[in-house]
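Have a look at the structure below, then the notes.
Here it is, written out as structure tokens:
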């Protein structure tokens, strides 16, 4: 068994295997090697220089005792997969479902999540997007403070648990997209800088990766190899790349372009679609433009502008970045072109922002849209969902816009039944000083935005985590059941009528009232009519031939359709 670790600037590295220490030898590329008799499940760690503190392997596959302890040898080939017949799920046309393993079920494990997968099948979901599962400090957290990118969080079930989850998803026809974070490491257990020059510069969360400086070739491989491992060794069908705008890379070939090229090659090799979805704050269509056309080659990106415009229309909130989206017609603009800020002035940023999308060449499926996400709920001071303030009718209107529009829709777990549980920010760092810093920082941040600091939940209190766990017993009760039925019906309608999933932005049109109180989305011969406010007669461009879905009723008439307050209808028109 050969142990290997990259530490190009050190003069001495040793590996400790099951308590025995072995000297390592360095090659010309800065990799250190040592041959040790192979022992299945051996615990090992590295000693750097003359330091006697054992450190886990930066490329660890398993951390059975936590992120500060020794790594364990793990054989990816030992798992008994049953998904040989799985052919994958393409992103275009799919419905995504964002899930946090720790709060999806009371068990908070992969096996617990498996028990609820049939609910997603019944709902009509195609791809399950799982928040980060790599190792972080403490039992509970969002997952964005991970430090060992290749090791699966043990409290969730470790690497075998995640493989069981993926295998179970594939058995039910569900694909899996995994959220990964390459823009920073968490504040506890981040030992990379002790091994080598992994970092350069700063971003909003701490040191940024060294992607284009001296010694950056191996840092880039660290990122790309990790991404390929999730897709190859864990059989996941795609990756959601967190905050790629924080990946500073001035090379001619950006690390995302390099990743896209290698994932495309892997996709050809394994014979199934593999998707890359970026989160980007730049509003730059080059992110989702193909490499052949000079873009970065991402298959899709999150489209926050659609969320912001819809949120303002539903709630009337206009603070912070929501301010620009109070403009008349903002929602229609984002539905037509994905970006509201497309080379236009952003008052929140105090500058022009974004670039227009060429709708003749870029399909709507390359933009993931949503009414709620872990960010848009969890980064509110109290983690309140839309269901805390909106009526079931308004929630249905929002779902109709997202699920029947030209983009790739995504739901946030529990949204489909208007879950009463909030989703709040929580962590569980064992270090009391770090915990207090997180607690104080969170409260001060929201205090600056006008919230009473005492109203902000303590992220280190286990009750905050427990409050955020879904209550499955409520989904068939009262208004929860009503909303769930609407979501099921919308997704079923989307599947039954291909024009409702058509990603072409040139074949899509939207009309809105002068006061934005209603809108009509044209989808072939179908019209999605949404009345956000009071009851109204919404004019149409053709006579209604059939009402396909109207949870609160619809009355077709000459030149339009009458809808009640806060309701929607899907109708077929006669041309």
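In our numbering, the protein residues as written are -19 to 555.
Just so you know, even glycine gets a beta-carbon here, dropped at the ideal spot from N, CA and C.
Since the model is a prediction, treat every value here as computed from it, not as a measurement.
The Cβ neighbour count for residue 9, taken over all protein chains shown within 10 Å, is under 16; the residue is labelled exposed. Residue 242 places its beta carbon less than 7 Å from that of residue 204. By the beta-carbon neighbour count (other beta carbons within 10 angstroms, threshold 16), residue 410 is exposed. The closest CA to that of residue 538, considering only 530, 545, 525, is found on 525. Distances from the alpha-carbon of residue 514 to those of 499, 506, 15 put 499 closest. Residue pairing by DSSP places residue 503 opposite 488, 506 in a beta bridge. For residue 529, DSSP records a beta bridge to 550. By alpha-carbon distance to residue 341, the top candidate from 274, 300, 428 is 274. At a Cβ-Cβ threshold of 7 Å, residue 109 and residue 220 count as neighbours. For the set 529, 477, 519, 491, the Cα lying nearest the Cα of residue 505 is the one of 477. Taken in chain order, the complete beta strand (DSSP E) segments of 3 or more residues contained in the region 317 to 355 are 324 to 326, 331 to 333, 347 to 349. Sixteen is the threshold: when 16 or more other Cβ atoms of the shown chains lie within 10 Å of the Cβ of residue 352, as they do, the residue is buried. Within its own chain, the residues whose Cβ lies closer than 7 Å to the Cβ of residue 516, once the five positions on either side in sequence are excluded, are 497, 498, 543, listed in chain order.
Each of 291, 325, 293, 256 was checked against the Cα of residue 276, and the nearest Cα belongs to 256. Per the C-alpha coordinates, the member of 175, 193, 170 positioned closest to residue 181 is 193. A buried status is given to residue 69, since no fewer than 16 other beta-carbon atoms sit within 10 Å of its beta-carbon. Look at residue 515 here: in three-state DSSP terms it is coil, with no helix or strand label.
Residue environment analysis places residue -11 among the exposed positions, since fewer than 16 neighbouring C-beta atoms fall within 10 angstroms of its C-beta.
The C-alpha of residue 27 is placed about 10 Å away from the C-alpha of residue 174. With respect to residue 518, residue 540 sits close: the two C-beta atoms are nearer than 7 Å. Residue 78: member of the beta strand (DSSP E) spanning 76 to 79, first to last residue.
Residue 235 is positioned such that its CB atom lies closer than 7 Å to that of residue 200. The beta carbon of residue 380 sits closer than 7 Å to those of 470, 508, 510, 548, all from its chain and outside the five residues before and after it, given in chain order.
If you ignore the 5 residues before and after residue 282, its C-beta comes within less than 6 Å of the C-beta of 259, 348, all in its own chain and listed in chain order.
Straight-line spacing of the CA atoms in residue 154 and residue 54 works out to 26 Å.
Contact between the region 67 to 85 and the region 388 to 401 is present: three or more C-beta pairs spanning the two stretches fall below 8 Å. Judged by beta-carbon spacing, residue 358 lies within the 7 Å limit of residue 403, meaning their Cβ atoms are closer than that value. Between residue 89 and residue 96, the C-beta spacing is not below 7 Å. For residue 473, the enclosing alpha helix (DSSP H) starts and ends at 458 to 476. Collapsing the DSSP output to three states places residue 206 in a helix.
By the CB criterion at 7 Å, residue 41 and residue 101 fall outside the cutoff.
Rounded to whole angstroms, the gap between the alpha carbons of residue 36 and residue -19 is 17 Å.
In the structure shown, the three-state DSSP call for residue 43 is coil.
When DSSP states are grouped into helix, strand and coil, residue 384 belongs to the coil group. For the pair residue -2 and residue 20, the CB atoms are not nearer than the 7 Å cut-off. Measuring C-alpha to C-alpha distances from residue 57 to each of 455, 82, 209, 399 identifies 209 as the nearest.
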